[in-house]
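Student:
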Ligand SMILES: Cc1cc2nc3c(=O)[nH]c(=O)nc-3n(C[C@H](O)[C@H](O)[C@H](O)COP(=O)(O)OP(=O)(O)OC[C@H]3O[C@@H](n4cnc5c(N)ncnc54)[C@H](O)[C@@H]3O)c2cc1C
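Now the structure itself:
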């Protein structure tokens with residue numbers, strides 16, 4: 186997006202904000218967009234003065250969104266920074282929230298792809314390699330090219346892995362990183378054809394649009410067609426992504442005047458559409474209005490490509506034997522196989538921590554890096570912090586949560602280096618801009634509930650967050666990318 190586009194969208198945003206009774210200044214403050222706006226409008230922002238004299242070698246493993254943001258903020262805060270990023274991918278900072286827009290034909294791959302080296306902060310060392318071994322007792326990591334790198338402090342920011350191989354029928358696809366073009370090339374041998382696709386990696390997003398167009402064109406020519414949208418049983422990044430693709434497919438069918446020829450079926454392993462009750466109710470209504478069939482408690486287990494079936498294990502609880510001691514019935518889990526035929530199937534695969542992390546001393550039984558959920562410090566190794574999709578905390582697998590987490594990690598890491606108490610706390614904030622239509626978004630912001638209660642809404646704007654809005658669409662489509670590029674990846678927002 187150039188300055189002209191940006192200024193035009195800002196004018197539209199100003200007009201809508203005015204209707205809602207919010208000034209642009211307040212909206213910018215809410216979004217932490219000051220730096221981004223200055224970059225786009227009137228040249229580079231003045232960097233904040235480095236304030237800490239703390240010293241020590243910091244190694245950041247993973248230079249995607251969280252890793253680069255952490256490096257940039259540390260680099261700005263330390264007077265004598267000694268920071269190394271280990272990252273193999275020359276396009277690691279590619280903009281994953283834009284994959285949805287590519288998958289529905291609104292953006293192209295060029296809009297989401299950019300070069301890692303442009304975002305490595307000045308003075309930070311970039312080792313273009315991959316960590317293959319963590320040795321936290323000796324404060325060392327080993328890389329695939331055979332280097333041993335020592336550190337005083339480490340930040341783990343490897344993101345997560347798409348575990349396509351866990352789905353029967355997709356074993357050949359195996360592990361895929363969202364931004365890795367080599368993985369994408371392998372995945373494309375199976376996905377992106379015959380109606381099967383996934384926006385969860387860059388090339389997959391491109392192919393999703395091709396597959397969606399073929400699907401719409403079949404419906405347009407009068408064929409009765411079926412689209413199936415399965416969610417995985419594991420935690421996954423961007424909890425709203427499947428809903429977005431359902432809604433965008435619905436829009437494309439309407440535009441082609443072919444909606445009545447297609448069925449749209451959304452499947453989730455969970456018992457609800459969203460963990461926050463208010464958003465669950467709102468999405469339930471959105472799906473009902475759009476004629477989307479919803480299926481709960483369906484574990485996505487297999488793709489039968491030959492017969493074009495998505496296979497689920499439907500599960501429910503039934504009363505078993507009476508327990509005389511507890512004076513209640515034992516509950517027994519029952520399952521049955523459910524087959525859903527598809528012409529178009531958009532897959533969100535199961536997701537996991539990278540094996541190299543999960544199987545190392547810094548991993549956990551479930552794979553994710555175990556950190557104190559508020560300070561983000563490793564539970565066993567105090568000189569290690571972790572940030573982004575790889576951490577084992579409830580919720581929190583989104584760029585929006587990474588944006589809150591990296592600030593906490595930087596503040597606490599500097600406190601540790603200075604021998605002070607760790608005071609910064611992450612509160613579980615995360616955000617999901619649920620695209621309900623082209624031109625409409627429900628900005629679902631939420632955070633952990635008190636004392637283990639379900640998560641609660643956490644709107645930044647003084648507006649009802651369960652409403653679909655054109656304003657939030659403008660933010661999603663025009664503002665979030667510069668906010669990421671010029672705000673977060675430079676450690677400013
Ligand atoms: C389809 C889709 C839609 C999304 N939509 C939204 C949205 O609307 N809003 C939102 O907030 N978020 C959204 N997200 C989520 C958001 O993009 C991620 O949560 C965010 O990118 C996580 O950042 P990260 O740094 O943890 O991981 P990443 O950005 O994935 O970076 C991890 C990096 O670590 C590197 N790495 C991995 N292993 C190693 C190793 N062994 N050694 C060295 N480096 C390694 C990888 O190469 C990679 O570059 C979406 C994601 C997807 C896929």
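Numbering (the numbering used here), first residue to last: 186 to 678. Glycine included, each C-beta is placed from N, C-alpha and C at the ideal position. Since the structure is predicted, the reported quantities are computational estimates derived from the model, not experimental observations.
1. Going by DSSP, what residue range makes up the alpha helix (DSSP H) through residue 399?
2. Less than 8 Å between the CB atoms is what I'm expecting for residue 631 and residue 594, so what's the real figure, rounded?
3. Which of the three DSSP states is assigned to residue 681 in this structure?
4. Measure the alpha-carbon distance for residue 433 versus residue 449 and round it to whole angstroms.
5. Which residues share a DSSP beta bridge with residue 654?
6. Mark residue 638 as exposed unless 16 or more other C-beta atoms lie within 10 angstroms of its C-beta, in which case mark it buried.
7. Rounded to whole angstroms, what's the CA-CA distance from residue 418 to residue 265? Just pull it up for me.
8. Comparing C-alpha positions only, which one of 296, 275, 406 and 356 sits nearest to residue 390?
9. Start and end of the alpha helix (DSSP H) containing residue 438?
10. On the three-state DSSP scale, how would you describe residue 635?
11. In this structure, does DSSP put residue 483 in helix, strand or coil?
12. Could you give the DSSP three-state label for residue 345: helix, strand or coil?
13. Look at residue 592 and residue 343 and say whether their C-beta atoms are less than 9 Å apart.
14. Figure out for me which residue from 530, 613 and 531 has the closest Cα to the Cα of residue 556.
15. Is residue 222 helix, strand or coil by DSSP?
16. Would you mind sorting residue 640 into buried or exposed? The rule is 16 or more other CB atoms within 10 Å of its CB.
17. Just to confirm the assignment: which complete alpha helix (DSSP H) runs, minimum length 4, are found wholly within the segment 473-525?
18. Unbroken beta strand (DSSP E) runs of length 3 or more, entirely within the segment 262-331: which are they?
19. For the alpha helix (DSSP H) containing residue 366, list its first residue and its last residue.
20. Find out if the Cβ-Cβ distance for the pair residue 376, residue 662 is shorter than 9 Å.
21. So what's residue 571 in DSSP terms, helix, strand or just coil?
22. Round the Cβ separation of residue 269 and residue 312 to the nearest angstrom and send it over; I've been treating them as touching at under 8 Å.
23. Can you tell me whether DSSP reads residue 550 as helix, strand or coil?
24. List the residues that DSSP assigns as beta-bridge partners of residue 618.
25. Please report the straight-line C-alpha distance between residue 151 and residue 509, rounded to a whole angstrom.
26. I need the boundaries of the beta strand (DSSP E) containing residue 586, first residue and last residue.
27. I need the straight-line Cα distance from residue 548 to residue 324, nearest angstrom please.
28. Leaving out five residues on either side along the sequence, give the residues of the same chain with a beta carbon under 7 Å from the beta carbon of residue 621.
29. Does residue 659 come out as helix, strand or coil in the three-state DSSP assignment?
30. Helix, strand or coil, according to DSSP, for residue 376 in the structure here?
31. Should residue 293 and residue 275 be called a contact, given that it needs their Cβ atoms to be closer than 9 Å?
32. Compute the Euclidean distance between the alpha carbons of residue 400 and residue 412, then round it to the nearest angstrom.
33. For a test of the three-state rule: what should DSSP assign to residue 556, helix, strand or coil?
34. Is it true that the segment 487-494 meets the segment 434-446, where meeting means three or more beta-carbon pairs spaced less than 8 Å apart?
Tutor: Here's the rundown:
1. 387-405
2. In fact, because the Cβ distance is near 21 Å, the residues do not count as touching under 8 Å.
3. Missing from the structure shown is residue 681; the chain here goes from 186 to 678 and no further.
4. 11 Å
5. 626
6. exposed
7. 45 Å
8. 296
9. 426-440
10. helix
11. strand
12. coil
13. no
14. 613
15. Because residue 222 sits at a pLDDT of 41, beneath the cut-off of 50, its placement in the model cannot be relied upon, and the following sentence gives the value as read from the coordinates. Reduced to three states, the DSSP call for residue 222 is helix.
16. buried
17. none
18. 268-271, 310-312, 316-320 and 325-328
19. 366-372
20. no
21. strand
22. 6 Å
23. coil
24. 628
25. Nothing can be reported for residue 151, as the shown portion of the chain is limited to 186 through 678.
26. Residue 586 -> not in any beta strand (DSSP E); alpha helix (DSSP H) instead, spanning 584-602.
27. 15 Å
28. 432, 471, 627 and 653
29. helix
30. coil
31. no
32. 8 Å
33. strand
34. no
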